[in-house]
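Asker: Protein chains in written order, with my numbering: chain A, 1 to 165; chain B, 1001 to 1165; chain C, 2001 to 2165. Every residue gets a Cβ at the ideal spot worked out from N, C-alpha and C, and that includes glycine. Predicted model only: the values in this text are computed from it and were never measured.
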Amino acid sequence: MTTLDLQRLSPAERRYELDLLTAGYVHALDDGDLDRWPDFFTEDCRYKIIPRENYENDLPLAIWYCQGRGMLRDRITAIRETQLYAPRAMRHVTGNALVTECAGDGMHAVTNYAVYESTLDRTSEVFNVGRYLDRIVVEDGQMKFAEKLCIFDTSLVPTSLIFPI
Amino acid sequence: MTTLDLQRLSPAERRYELDLLTAGYVHALDDGDLDRWPDFFTEDCRYKIIPRENYENDLPLAIWYCQGRGMLRDRITAIRETQLYAPRAMRHVTGNALVTECAGDGMHAVTNYAVYESTLDRTSEVFNVGRYLDRIVVEDGQMKFAEKLCIFDTSLVPTSLIFPI
Amino acid sequence: MTTLDLQRLSPAERRYELDLLTAGYVHALDDGDLDRWPDFFTEDCRYKIIPRENYENDLPLAIWYCQGRGMLRDRITAIRETQLYAPRAMRHVTGNALVTECAGDGMHAVTNYAVYESTLDRTSEVFNVGRYLDRIVVEDGQMKFAEKLCIFDTSLVPTSLIFPI
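As structure tokens, this is what we get:
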């Protein structure tokens, strides 16, 4: 493991490293490997799932709000131990990442996503689409999400938002 | 802003620059930032939205046809000032871009896309899928679309094709 | 055509070459250019389409199973000459590829995909989503799939699985 220095990477290298981070992130979720999910975040991260309308009107309501990796771990424990839900598979397909800023110790990026949900006895369906607004820093020699906002496009709260987006 | 020279870029660099162009393009549309849309095109560009069946049979009918950046601007004005429609969010997820040719002053590329539409009181739905057939040149030191054909897969004209694809 | 040496490529170069392979693969399918499909595989390849549940439980049932490029060609002949189906267009949108291993003569990668189906008189619909689990080697100087597993997320066998995924 080599230590990354965001400022010394070329724009193309930064995008490549971000792609790796995002690919690792979505495959951990899609593989149901939820215990690995907090590892993609910094210790004092912020993770939110927000309807687009709220985000654009600066309304504070988030469907999910986690502050710090500890809260991410609590979420996973809750999903595993206290929630009841029919088995389902999630699948993320992400578009081109766009690094919008790289300054100081971090960079900002936006990436469109579509998440599909499949239950055993149904076909696959579009579950949630929107964009990730990420702030990425290097911690412990690796890129991590210091902030990840999942801004989804409907105002409807998904009826079955069990897993992270 | 440095001047790009398509012929001097490596294939990987060309693909990276194209990814940037496409990412900027789709985020301008998805952010509803329509005034920036014409900026991704050359002054004498051609922009068309065509059903796949027509395209494959060399039929001339396009659902949208714009010749020149001025017509793109007129379209945006029309959308803003004369059209009535329920608020909706569009979201583009694009696949891997494939540069199919790079010769002379430009390059050709194909990129699959899926566009999702979300209205306030509904879930997100697949709106239009197809491929971009792009011809890209450098103008004013930046990659721009000299031609962008959006070939969509159904023969049905989308009932609510309000925004560019 | 230059001969690729996977072990001498940087990780970013490997990912780029894999993107080219995948983009070529999906565009051959989406263009209906089925005769080119076997060319993306090695002579003694393995190609399978498997429901996720079977894959995760090590159940042997595959919806499609082809061993060797000859069987891929037979499949194409069968599709062209013996199967009856309404005309339809397929469209693949793939997410970020993640190379999970590169050792010896090959590399392994995982890529999420969403396939949309459009028939002439319908809108486009989500047809099949899942992930490609690929083993890629260099044969005849080009990257090819030595193994391609298409693990799809539902347990339902698609009612109209006519074309390769």
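Considering only residues of the same chain and omitting the five flanking positions on each side of B/R1015, which have a CB-CB separation below 7 angstroms?
Answerer: Leaving aside the five residues that flank B/R1015 on each side, the residues in its chain whose CB is nearer than 7 angstroms to its CB run, in chain order, A1097, V1099.
Asker: Give a yes or no on whether 7 angstroms exceeds the smallest Cβ distance from B/G1095 to chain C.
Answerer: yes
Asker: So if DSSP puts A/L105 in a beta bridge, which residue, or which two residues, is it bridged to?
Answerer: It should be pointed out that residue 105 of chain A corresponds to Asp in this sequence rather than to Leu. Partner(s): none; A/D105 has no beta bridge.
Asker: Grouping DSSP H, G and I as helix and E and B as strand, with all else coil, what is C/Q2007?
Answerer: helix
Asker: Is there contact between the segment 2146-2156 of chain C and the segment 2047-2056 of chain C, where contact requires at least three CB pairs shorter than 8 angstroms?
Answerer: Touching, yes, given that three or more Cβ pairs across the two stretches are closer than 8 angstroms.
Asker: Quick one: grab the DSSP three-state call for B/D1033.
Answerer: Taken through DSSP and simplified to helix, strand or coil, B/D1033 comes out as coil.
Asker: Beta-carbon of C/D2019 versus every beta-carbon of chain B: anything under 7 angstroms?
Answerer: yes
Asker: Among the candidates B/F1127, B/F1145, B/P1087, B/V1126, whose CA atom is the shortest distance from the CA of B/A1109?
Answerer: B/F1145
Asker: Which runs of the beta strand (DSSP E), 3 residues or longer, sit entirely within the segment 1062-1106 of chain B?
Answerer: 1064-1067, 1088-1103
Asker: Within 7 angstroms (strictly less), CB to CB, does C/H2108 reach chain B?
Answerer: So, not an interface residue.
Asker: What would DSSP say about C/R2046, mapped onto helix, strand or coil?
Answerer: Strand.
Asker: According to the neighbour-count rule (16 or more other Cβ atoms, all chains shown, within 10 Å of its Cβ), is B/P1087 buried or exposed?
Answerer: exposed
Asker: In angstroms, rounded to a whole number, what distance separates the CA positions of A/Q83 and A/Y65?
Answerer: 17 angstroms
Asker: Do we get a CB-CB distance below 7 angstroms when we pair A/L98 with the residues of chain B?
Answerer: yes
Asker: Tell whether a beta-carbon distance below 7 angstroms holds between C/M2090 and C/I2136.
Answerer: no
Asker: Using alpha carbons as the reference points, say which of C/L2133, C/Y2132, C/G2130, C/V2115 lies closest to B/V1126.
Answerer: C/V2115
Asker: Taking B/N1128 and B/I1165 to be in contact with their CB atoms under 8 angstroms, please state how far apart those CB atoms are, rounded to whole angstroms.
Answerer: 6 angstroms
Asker: With 7 angstroms as the threshold, decide whether the Cβ of C/R2091 is near any Cβ in chain B.
Answerer: yes
Asker: Would you verify that the beta carbon of B/L1154 is, or is not, closer than 7 angstroms to some beta carbon of chain A?
Answerer: Note that residue 1154 of chain B is Thr in the sequence shown, not Leu. No - not a single Cβ of chain A is within 7 angstroms of the one on B/T1154.
Asker: Given that A/V129 touches chain B, what residues does it touch there, using C-beta distances under 8 angstroms?
Answerer: R1091, V1093, Y1116, S1118, S1124
Asker: Strictly below 8 angstroms CB to CB, what residues from chain A border B/V1026?
Answerer: G95, N96, N112
Asker: Please report the distance separating the alpha-carbon of A/D35 from that of A/I76.
Answerer: 7 angstroms
Asker: Can you list, in chain order, the residues of its chain whose CB lies under 8 angstroms from that of C/Y2085, leaving out five sequence neighbours each side?
Answerer: Correct list, in chain order: S2160, I2162.
Asker: For A/A103, decide whether its Cβ has a neighbour in chain B, counting only Cβ atoms nearer than 7 angstroms.
Answerer: Chain B contact via Cβ: absent.
Asker: Identify, in the order they occur along the chain, each residue of the same chain with its Cβ nearer than 8 angstroms to the Cβ of C/I2050, setting aside the five sequence neighbours on each side.
Answerer: If we look at C/I2050 and ignore the five residues flanking it on each side, its Cβ neighbours are L2061, A2062, I2063, L2149, C2150, I2151, F2152.
Asker: Taking its Cβ as the centre, do 16 or more other Cβ atoms sit within 10 Å of B/S1118, making it buried, or is it exposed?
Answerer: With 16 or more other Cβ atoms within 10 Å, it is buried.
Asker: Name the chain E residues that come within less than 7 angstroms of C/A2023, Cβ to Cβ?
Answerer: In the structure shown, chain E cannot be found, because the protein chains are A, B and C.
Asker: DSSP three-state call for B/P1051: helix, strand or coil?
Answerer: strand
Asker: Rounded to whole angstroms, how far is the Cβ of A/G68 from the Cβ of A/D44, which I believe are closer than 8 angstroms?
Answerer: 6 angstroms
Asker: Contact defined as beta carbons within less than 8 angstroms: I believe B/G1024 pairs with B/F1041. What is the distance between those atoms, to the nearest angstrom?
Answerer: With a contact defined as Cβ atoms closer than 8 angstroms, B/G1024 and B/F1041 miss out at about 12 angstroms.
Asker: What's the C-alpha gap between C/G2070 and C/L2059?
Answerer: 25 angstroms
Asker: Using the C-alpha atoms, what's the distance from C/L2018 back to A/R80?
Answerer: 36 angstroms
Asker: What is the DSSP secondary structure of C/V2157, reduced to helix, strand or coil?
Answerer: coil
Asker: Identify the contact partners of B/R1135 in chain C, using a Cβ-Cβ distance below 8 angstroms as the criterion.
Answerer: Ordered by position in chain C, no residue passes the 8 angstroms Cβ test against B/R1135, which lies about 17 angstroms from the chain.
Asker: Hey, would you say A/D30 sits closer than 7 angstroms to A/H92, going by beta carbons?
Answerer: yes
Asker: What residue range does the beta strand (DSSP E) around A/D134 cover?
Answerer: Per DSSP, the continuous beta strand (DSSP E) segment holding A/D134 begins and ends at 125-139.
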